[in-house]
Amino acid sequence: MESRTLSPEETSRVWQQCCAQLKKDLSAAVYNTWIVANPLTHLEYIDLSRAVANITSPTAFHSTNVKKNFHTQLTQTLSELTQRQVEISYYIGSLPQNTAGVIKTIKPGNNPSSRPILTKPEFSPSPRVEELFSPNTIESAGVDRIALKSKQIGLRTDFTFETFAVSTSNEMAHAAATAVSNQPGSSYNPLFLYGGVGVGKTHLMHAIANNILQTNPQSRMIYCTGEEFTNEIVQAIQTKRAGVFKDRYRSAQVLLIDDIQFIAGKNAVQEEFFHTFNALTKKSHQIVLTSDRPPQEIRLLEDRLRSRFEAGLMIDIQEPSFELRTAIILLKSQAQNITISIDLAKKIAETVDSARRIEGIITLIRSAVELQGRKIDLELIEQIIKTSQPLEQRGVLKKSPSEVIKTVATHFSVKQLAIKGKSRVKNLVTARHIAMYLLKTELSLPLVEIGRWFANRDHTSVLHAVKKIEAELLRDTQLQREISFIRKSLQTT
Amino acid sequence: MKFLVSKTTFHTTLQKLQRVLPNKPQLPTLAAIHILVKKNRVILTATDLYLGIQAPLESQIESEGVVVVPGKLLLAAVSSFPEGEIVVTETAGTLNLVSRASKVKLQTLSLEEYPEFPEVSGESVLLATSDLLSVEQYVLPSVSKDITRPVLTAVQLELTTTTFRAVGTDGFRLSVFGTTTESEHAKTLLAPARTLLEYIKLAQAEEVSNVELLVSSKLQQVLAKIGDVLVFSRLVTGEYPPFEQIIPSESTTEVVCEADELLEQVRRAHVLTSGSSHIVQFRISPELVEISTPTTTEGSFEGVLTSAKVTGNPLKIAFNAVYLLDMLKQFSSQELRLGMTEALKPVIFRSQTLSSFLYVVMPFRVV
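Chains as they are written, first to last, in the numbering used here: chain F, 31 to 523; chain S, 1004 to 1370.
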């Protein structure tokens, strides 16, 4: 037979029987002091002939004397009751019925179901005071503390994983960042995120930091940009306090440097960073870096640094797709407490391609709503998009129509003449439509004039082309990418 | 058994044991004093099982022996004696106290029933009497008297090799006293408030600068050596609340004022709060700090703090006057800083001139 531990109810039943027996032989005072105060708390049947029992006393005084004076009686009585030879061990501790340290709330707040109510409210000196150690108080103090800490570190508290929209272009980065923040130092070290402007590198970095603080508010963390790092070193050298600087950075448990490409070409800074990097990775303290390009493309970066960056996990964050931009708009507008319908969000996502500008536009919408009392509708959105667009995108692109057509032609590897001509080959037609669309949207040319550039087509044909592209843009991501690419090359050339 | 002792010595030694003699003992033997005469020492012992004290008695010994007598009775008898020498003897179930002109006979109690003391061993740590006095002054007033939550009736003592910290709370306010010290071992223990009070009284009576503690975590016992006196006490088991987490980290409203003025105003306000659960309201604005009580059938109080300097947001907040009075006394003649965030979030009190102490109070919910 296997050993069996009796349940608390069974144990207490045995103990009650035991008490009843002993009560007969003892005076009330002795019984209360030495028996009732020192109950049986554990009973285990080893096999059919043996059992072990624990007697728990409130103090060592009780325990010593129970053991000395009542051991034989207890052993005998318990053995008879269990019909086994009982071996008693004596323990000291608080008794289960008044378990110490249980924190109870005096008065339920908004959520009575989740918070226990003290069974005897008359013990509370003032019924309208919330407990210092109620879950509510502890939680809110914790939140305040973390907020203060992240403020000191220089983090944005709204940059968290919850507010980060994930799609195919950034899901790898998101997954890696989550892994790093859950197990800093041990999953991917260093984590190197790179990508263009406004793709969410900084957001992810802050989210990692915020998440680490949530789980461990005490962790020593440094967040800075490559430029700040550089400036600090320069200052430390100037004021002859390089030692302080080194101690500070090398004792960090988590080091986050944004735009690390900035230290390229600065020898003393790279040297210092190299040693900091080694010191931290040796202690498996987490390092997270971001850059606008991969290490191998950062010019003037020392080879030893480059190879160290490449030893970690490098992740490319792509430009946000149309769907992701829509999701970002919805998320960000939620964070700012304004509601934008999905159709309007799509409308914004169509024209705005960087996540950072999305934030600006949402702030503009909010100010229009809050300050001018306007309603969020298509008209408002269009107006805001128009005014917030960078100058060169606002139809004052300093390009001639022929340059636009040339760029489109180059992009599709077709001849300019063919685009302007009458051929109805499929890829030519697409290129022609895109060119018309761009002439309309980027240069704001009248339809009739656009028609003239394309073998004197009628303005309705142009209108049809523009409408068609606009419609396709809504669902065709490939087309979105191509048009955005052509736009960019128009701006740069 | 026979020994000679001066009345004054006998009386002062018995007084050291007095506080562990319960008024209503479960067993008569728990309100008794155990007298042991062995070799060249007389040792008096008393225990109520939660606290036990052993004190040596300076005397002239003639023969050895051991006896248990009712404690209160012995104390009363000895204190009634005139100054001078008392001869103590034991004969067949009677303890005889004989002076020049009087003789008292006391019935003794059974020796077998007297409880045995646990054997405590463990690492030793030292507490300075001065630190214990600070604990009494700053921490003990906050400790709970509610026995349904044993952990809060204890003071958490935290010793590291370089620091000493004592924490007390009743769940509505929190006192933390911290200072630097030197200790061989690091130790954290939950000592009952009553035990600490006993240490403080005995340390003062024995005029010692240190109390040595032997802590046995297995037995949940702590043995204190205070001069020649030994104090046995249980430790409280359980988990102390996470007090560090609720100490406010930041304040958005700060009031700097003279503690004495605040104390006086709260005291005046308190007179009129018996009908309103001791509520004292504060209306804090950058220009003015107003103190008032809710109007009841008895009346109301209104006052201002003239010494107050306010920074941050205006705030309305209410406290239990008792919690303020208890603590404001300790800050007497100091400049006090109150750090607040919201009307229902903990408030921190501290003083720059008393950096070793901080006090946190939970404000009232004013309906």
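Ideal placement from N, C-alpha and C gives every residue a C-beta, glycine not left out.
Measuring straight from C-alpha to C-alpha, what distance separates residue 439/F and residue 465/F? 9 Å
Would you list, in chain order, the members of the stretch 1034–1060 of chain S that have their beta-carbon closer than 8 Å to a beta-carbon of chain F? 1050, 1052, 1053, 1055
Per DSSP, residue 1297/S is paired with what? Note: residue 1297/S sits in no beta bridge, so no partner.
Pair within 8 Å by beta-carbon distance, residue 370/F and residue 406/F: yes
Could you give the DSSP three-state label for residue 316/F: helix, strand or coil? strand
Residues of the stretch 1340–1362 of chain S in Cβ contact with chain A at a cutoff of 9 Å, in chain order, please. Among the protein chains in the structure shown, which are F and S, there is no chain A.
Given that residue 1252/S touches chain F, what residues does it touch there, using C-beta distances under 7 Å? 174, 175, 178
Distance cutoff 8 Å, beta carbons only. Does residue 438/F sit that close to anything in chain S? no
By a C-beta neighbour count over all protein chains shown, 10 Å radius and 16 as the cutoff for buried, is residue 1212/S buried or exposed? exposed
Which residues in the same chain as residue 1266/S place their Cβ atom closer than 6 Å to its Cβ, once the five residues preceding and following it in sequence are excluded? 1331
Sequence-distant residues of its chain with Cβ nearer than 8 Å to residue 1050/S (five each side left out): 1023, 1033, 1056, 1118, 1120, 1235
Beta-carbon proximity of residue 434/F to residue 472/F, cut-off 8 Å: yes
Under a Cβ-count criterion, where at least 16 other Cβ atoms within 10 Å of its own Cβ denotes burial, should residue 300/F be classed as buried or exposed? buried
Simplified DSSP state of residue 1037/S, which is helix, strand or coil: strand
Rounded to a whole number of angstroms, what is the C-alpha to C-alpha distance between residue 1269/S and residue 1181/S? 27 Å
Smallest Cα separation from residue 1373/S: which of 1085/S, 1364/S, 1367/S, 1318/S? A query on residue 1373/S cannot be resolved here, the shown segment of chain S reaching from 1004 to 1370 and no further.
Along chain S, in chain order, which residues have C-beta atoms closer than 8 Å to that of residue 63/F? 1029, 1030, 1033, 1052
Give the range of the alpha helix (DSSP H) segment to which residue 964/S is assigned. Since the displayed chain S opens at 1004 and closes at 1370, residue 964/S lies outside it and no answer follows.
Tell me whether residue 303/F sits in a helix, a strand or coil according to DSSP, three-state version. helix
Let me make sure I understand the geometry here. Which of 1167/S, 1262/S, 1132/S has the alpha-carbon closest to that of residue 1190/S? 1167/S
Once DSSP output is grouped into helix, strand and coil, what is the label at residue 212/F? helix
When the Cα atoms are used, what is the spatial distance from residue 412/F to residue 356/F? 16 Å
Given this structure, state the Cα-to-Cα distance separating residue 1172/S from residue 1156/S, to the nearest angstrom. 8 Å
CB contact flag (residue 347/F, residue 177/F, <8 Å): no
Of the residues 1070/S, 1238/S, 1206/S, which one's Cα is nearest the Cα of residue 1041/S? 1070/S
Would you say residue 295/F faces chain S, with C-beta separation under 8 Å as the test? no
Which term fits residue 161/F, buried or exposed, when burial requires 16 or more other beta carbons within 10 angstroms of its beta carbon? buried
At least one CB of chain F closer than 8 Å to the CB of residue 1224/S: is that the case? yes
Rounded C-alpha distance that separates residue 518/F from residue 512/F: 10 Å
Specify the secondary structure class of residue 1005/S as computed by DSSP and reduced to three states. strand
Contact test: residue 1317/S Cβ vs the ligand FMN heavy atom, cutoff 7 Å: This structure lacks the ligand FMN; in fact it carries no ligand of any kind.
Spatial neighbours of residue 529/F within its chain, please: CB distance less than 7 Å, with the 5 preceding and 5 following residues excluded, ordered by chain position. With chain F covering 31 to 523 only, the question about residue 529/F has no answer from this structure.
Distance check for residue 1355/S and residue 1338/S, CA to CA, integer angstroms please. 7 Å
Output the distance between the C-alpha atoms of residue 1363/S and residue 234/F, rounded to the nearest integer angstrom. 37 Å
Any contact of the stretch 264–278 of chain F with the stretch 235–242 of chain F, i.e. 3+ C-beta pairs under 8 Å? no
Which of helix, strand or coil does DSSP assign to residue 38/F? helix
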